[in-house]
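Structure record follows, encoded as structure tokens.
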Amino acid sequence: MKLIYAILASFLCMAVFVGWVALMPPEGLAVGGPHPDYPAMSIGGDGAARTRAIAAPVYLWQASVIVIASLFILLGVSPQRRTPLLFWLVGGAGAAMLAIWTLLFTSYLAAQASGETHYALGFPIPTAWMVYGVFLSHFGFCAIYVFGFRRFVYSDADEAAFQQLLQDKNDGAFTE
Amino acid sequence: MAEHRHLIIVFCVGVYMLASIGVGLWAIRRTHSASDFFVAGRSLGPLVVAMAVFSSTLSGFGFVGGPGLVYNSGLSSFWMVCAASLGYALAFFLVAKRIRLVAELRDTVSLPDVLAARYSSEAVRFMTGVTILLGVLGYLATQILAMALVLQSILSATAMFADISLVTCAVVSLSVLVFYSVTGGIVASVYTDLVQGLVMMLAGVMVVIAAANVFDGGLTEASQVIFRDDPETIMPFGALGMATSMAWFFMFGFGNAGQPHVITKFMMNRRVSDNRTILPITLLGYAVSAMLWISIGVVIHAAVIAGLTPALQSADQAAPVFLTAFANPWLAGVVFAGLFAAIMSTADAFLNIGAAAAIHDIPKALRGRAFGNELHWARIATVTIALAAAAFALYSHYVGGKLIAILGAFGWGMFAAALAPLVVIGLNWKRATRAGALAAISVSIVINIAVQIGAFSPPYAMAGGFVAMLVSFIVFIGVSLVTAPVPIADDLDRAMDI
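These protein sequences, in sequence, are chains Y and X.
Using the working numbering, you'd call the opening residue of the first sequence number 1 and step up by one each time.
Using the working numbering, you'd call the opening residue of the second sequence number 1001 and step up by one each time.
Quick look at the structure:
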């Protein structure tokens, strides 16, 4: 299957999940409400009530975003350099993102159910997954770029090919 | 020292502004042509490009609006920050190399230049140029207003300037911005970005240290205070909930690669291979600077609940109140200078791409060639755009009205929705067509304006830019697949194989 069809299919899936959320009637303080004591401050209120209806589609929505991001990374690599190793690396990085998203999500739902949470690195566990986990989970893609630069992004052969292209252009081989 | 707090802050901001003017004077000698003015002659080293990329991304919104959003609605807005590392990864994989290759191959100076070459279409150049120009006016207006308001708040706290007007502050701050942007073009812009980036990183580190010491138990105690008041606020989706947060994540993660003021920086580096160094420096700079966003927001939110400081009347007071109540005067001075740095580093980038759209792209699309003596006209355009944006800013502040709101729709979300598909996919997929490109831009404009004027309101407070961007990606691919393929110029075809 061509990569672009997979990307389009993923976008359509994402649109379906977003549409699913949009069709759910908002419950509780779905997008927050004013704080009773402090102006310019909002509260979320009963978290379990407001997330019950949309939890599943939002989880799937973000999962589709992770799939799209992984496919985009593959799209950014020239077809001849999309080796099995690259697929494994990008797949692994995407799987790590998905795992962290799942841990964040399940710990959030668990905290809502119990009304309690532990703290790590300054934040409740689900929030710590977001602040540190989500941000750092994208470093997998960055690492592939930095350490695989010559293999996947721009090799010495690519540099030579580009210099040849510039030479051909200067020699009048192309008309714009 | 506390009694001299305001003078220390004025001193730090003054030193920063003088440094910016100094860079502008230095850059005059390095700006001889339109290519120098718009893309620095493609001669910049990795550190300069990296700092320019991250400081252009993190505007005054991050330094004032960010903490304000956390104060107002907890952790919801932090999804914008978390998305940055994905946004940079996508931008480097999909755009950095391609745009640099096309820039050298076709001697391009702007994003519309690149897209016109890619789609062999003057219509695409025109639509992109107009979108950028309108976006620049809208976005720049908000940045200029922010600069003026912050300067007024700083100066009015001193006895000498207690009654200073907003207009005077706009004139002063705009003069500095315009001076170095006009004299040195993008050369001055990126070298001031270097200074600005370093100031922002220093501010980020110092604020985190100060914030961690407000409560005896550090950030954990601040989080516990908020949790006891309203657990959802300190949970990962904040007070605004899941859907709003995830919409922001998508828009800021995937939209970053469509921001013309950010990705044109990729055209300026000396070598393509420098990108492998630029990415980690960019990430580090952003991560360190963005710590200010969450640490001030969380701590001031908790401090108000714990009774350590009075409740704020406006969420945008979060950063200034934190600096007044909990920061050493010198730290406050550095952070206020960092705030100006954040605003100016974005504003100068917008001025530059706006000038390119006005005197290079739109004329080229309409009459087949740009103005003669582009450098001269670029400087005139820079001043004109700055004055127009300042007029819009002051008009919106004093009078209000729909016009500025509509222009505001052409800001970040508009760039993300209209340009990201054309750049991100179009530079990597040969089958993308000009019909797809024009359809994506058109649908983005329509949705953004519809949301802005209230004709359509996305459910669950999802950002209009998010809806526009999702639709735009689908339309771009779909229309490209169903329309006849357009042959790509041979040189670009070969470049896209690399």
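Backbone N, C-alpha and C fix where the C-beta goes; we use that ideal spot for every residue, glycine too.
Extent of the continuous alpha helix (DSSP H) run through residue i
| i | result |
| --- | --- |
| residue 1478/X | 1464-1482 |
| residue 1320/X | 1318-1326 |
| residue 1010/X | 1005-1028 |
| residue 1269/X | Here residue 1269/X belongs to no alpha helix (DSSP H), and DSSP marks it neither H nor E. |
| residue 1583/X | Given that chain X is displayed from residue 1001 to residue 1498, the structure contains no residue 1583/X and the question cannot be resolved. |
| residue 1333/X | 1329-1356 |
| residue 1277/X | 1275-1305 |
| residue 1069/X | 1066-1073 |
| residue 1105/X | 1097-1106 |
| residue 62/Y | 55-75 |
| residue 1261/X | 1260-1263 |
| residue 84/Y | 84-114 |
| residue 1220/X | 1218-1229 |
| residue 1109/X | Premise fails: residue 1109/X is in no alpha helix (DSSP H) and is neither H nor E. |
| residue 144/Y | 139-147 |
| residue 1080/X | 1078-1091 |
Assigned secondary structure, residue i (DSSP; H/G/I helix, E/B strand, else coil)
| i | result |
| --- | --- |
| residue 1189/X | helix |
| residue 1457/X | coil |
| residue 121/Y | coil |
| residue 34/Y | strand |
| residue 1175/X | helix |
| residue 1444/X | helix |
| residue 1044/X | strand |
| residue 43/Y | strand |
| residue 1202/X | helix |
| residue 1430/X | coil |
| residue 1420/X | helix |
| residue 172/Y | coil |
| residue 1498/X | coil |
| residue 1036/X | helix |
| residue 1253/X | helix |
| residue 10/Y | helix |
| residue 1413/X | helix |
| residue 1486/X | coil |
| residue 1062/X | helix |
| residue 52/Y | coil |
| residue 154/Y | coil |
| residue 1313/X | coil |
| residue 27/Y | coil |
| residue 1499/X | The question about residue 1499/X has no answer here: the residues shown for chain X are numbered 1001 through 1498. |
| residue 1031/X | coil |
| residue 1215/X | coil |
Whole-number beta carbon distance between residue j and residue i, since they are thought to touch under 8 Å
| i | j | result |
| --- | --- | --- |
| residue 1186/X | residue 1352/X | 5 Å |
| residue 31/Y | residue 1240/X | 5 Å |
| residue 165/Y | residue 1491/X | 7 Å |
| residue 129/Y | residue 98/Y | Not really, about 13 Å apart at Cβ, beyond 8 Å. |
| residue 1527/X | residue 1257/X | Because chain X spans 1001 through 1498 in this model, residue 1527/X falls outside it and cannot be assessed. |
| residue 1360/X | residue 1370/X | 5 Å |
| residue 1191/X | residue 1010/X | Not a contact, Cβ separation roughly 24 Å. |
| residue 1276/X | residue 149/Y | 4 Å |
| residue 965/X | residue 1247/X | Past the edges of chain X, shown from 1001 to 1498, lies residue 965/X, and the structure says nothing about it. |
Near the ligand MG: residue i beta-carbon under 6 Å from a heavy atom
| i | result |
| --- | --- |
| residue 1331/X | This structure does not include the ligand MG; it has no bound ligands of any sort. |
Inset, instruction - Count the C-beta pairs between the segment 1246-1266 of chain X and the segment 76-90 of chain Y that are closer than 8 Å, then say yes if the count reaches three, no if not. - result: Two segments are said to touch when three or more pairs of C-beta atoms, one from each, lie closer than 8 Å; by this definition the segment 1246-1266 of chain X does not touch the segment 76-90 of chain Y.
Legend entry - the segment 1200-1216 of chain X touching the segment 1323-1334 of chain X, judged by at least three CB pairs closer than 8 Å: Proximity of the segment 1200-1216 of chain X to the segment 1323-1334 of chain X meets the contact definition, three or more beta-carbon pairs being nearer than 8 Å.
Inset, instruction - State whether the segment 1374-1392 of chain X contacts the segment 1289-1303 of chain X, with contact taken as three or more CB pairs (one from each stretch) at a distance under 8 Å. - result: No: the two stretches stay apart, fewer than three of their Cβ pairs being nearer than 8 Å.
Legend entry - the segment 61-72 of chain Y / the segment 4-20 of chain Y touching (three or more Cβ pairs under 8 Å): The segment 61-72 of chain Y vs the segment 4-20 of chain Y: in contact.
Legend entry - Those runs of the alpha helix (DSSP H) which lie wholly inside the segment 1360-1396 of chain X and span at least 4 residues: List check, alpha helix (DSSP H) in window: 1362-1367.
Inset, instruction - Answer yes if the segment 1158-1169 of chain X comes into contact with the segment 1011-1025 of chain X, meaning at least three C-beta pairs across the two stretches below 8 Å, and no otherwise. - result: The segment 1011-1025 of chain X vs the segment 1158-1169 of chain X: no contact.
Inset, instruction - Give a yes or no on contact between the segment 1276-1293 of chain X and the segment 1034-1041 of chain X, applying the rule of three or more CB pairs nearer than 8 Å. - result: As far as the Cβ criterion goes, the segment 1276-1293 of chain X does not touch the segment 1034-1041 of chain X, which means the pair count is below three.
Inset, instruction - Flag this pair as touching only if the segment 1222-1239 of chain X and the segment 107-117 of chain Y have three or more C-beta atom pairs under 8 Å; answer yes or no. - result: Look at the beta carbons and you see the segment 1222-1239 of chain X touching the segment 107-117 of chain Y: at least three pairs across the two are nearer than 8 Å.
Inset, instruction - Decide if the segment 1475-1487 of chain X is in contact with the segment 1430-1450 of chain X; the criterion is three or more beta carbon pairs, one per stretch, under 8 Å apart. - result: Enough Cβ pairs lie closer than 8 Å, so yes.
Legend entry - Those runs of the alpha helix (DSSP H) which lie wholly inside the segment 1120-1183 of chain X and span at least 4 residues: Runs of the alpha helix (DSSP H) inside the segment 1120-1183 of chain X: 1122-1155.
Legend entry - Three CB pairs or more closer than 8 Å across the segment 116-135 of chain Y and the segment 1213-1222 of chain X: For the pair of segments examined, the segment 116-135 of chain Y was found to touch the segment 1213-1222 of chain X: the number of CB pairs separated by less than 8 Å reaches three.
Inset, instruction - Pair every Cβ in the segment 1167-1175 of chain X with every Cβ in the segment 1143-1153 of chain X, then say whether three or more of these pairs are closer than 8 Å. - result: A contact exists between the segment 1167-1175 of chain X and the segment 1143-1153 of chain X.
Inset, instruction - Kindly confirm or deny that the segment 1434-1450 of chain X and the segment 1410-1422 of chain X touch, where touching means at least three C-beta pairs closer than 8 Å. - result: Cβ pair count under 8 Å is three or more, so yes.
Legend entry - Three CB pairs or more closer than 8 Å across the segment 1304-1315 of chain X and the segment 36-53 of chain Y: Taking one beta carbon from each stretch, the segment 1304-1315 of chain X and the segment 36-53 of chain Y have 3 or more pairs nearer than 8 Å; the two touch.
Inset, instruction - Determine contact between the segment 128-144 of chain Y and the segment 1074-1088 of chain X, defined as no fewer than three beta-carbon pairs at a distance below 8 Å. - result: A contact is defined here as three or more CB-CB pairs under 8 Å, and the segment 128-144 of chain Y meets this definition with respect to the segment 1074-1088 of chain X.
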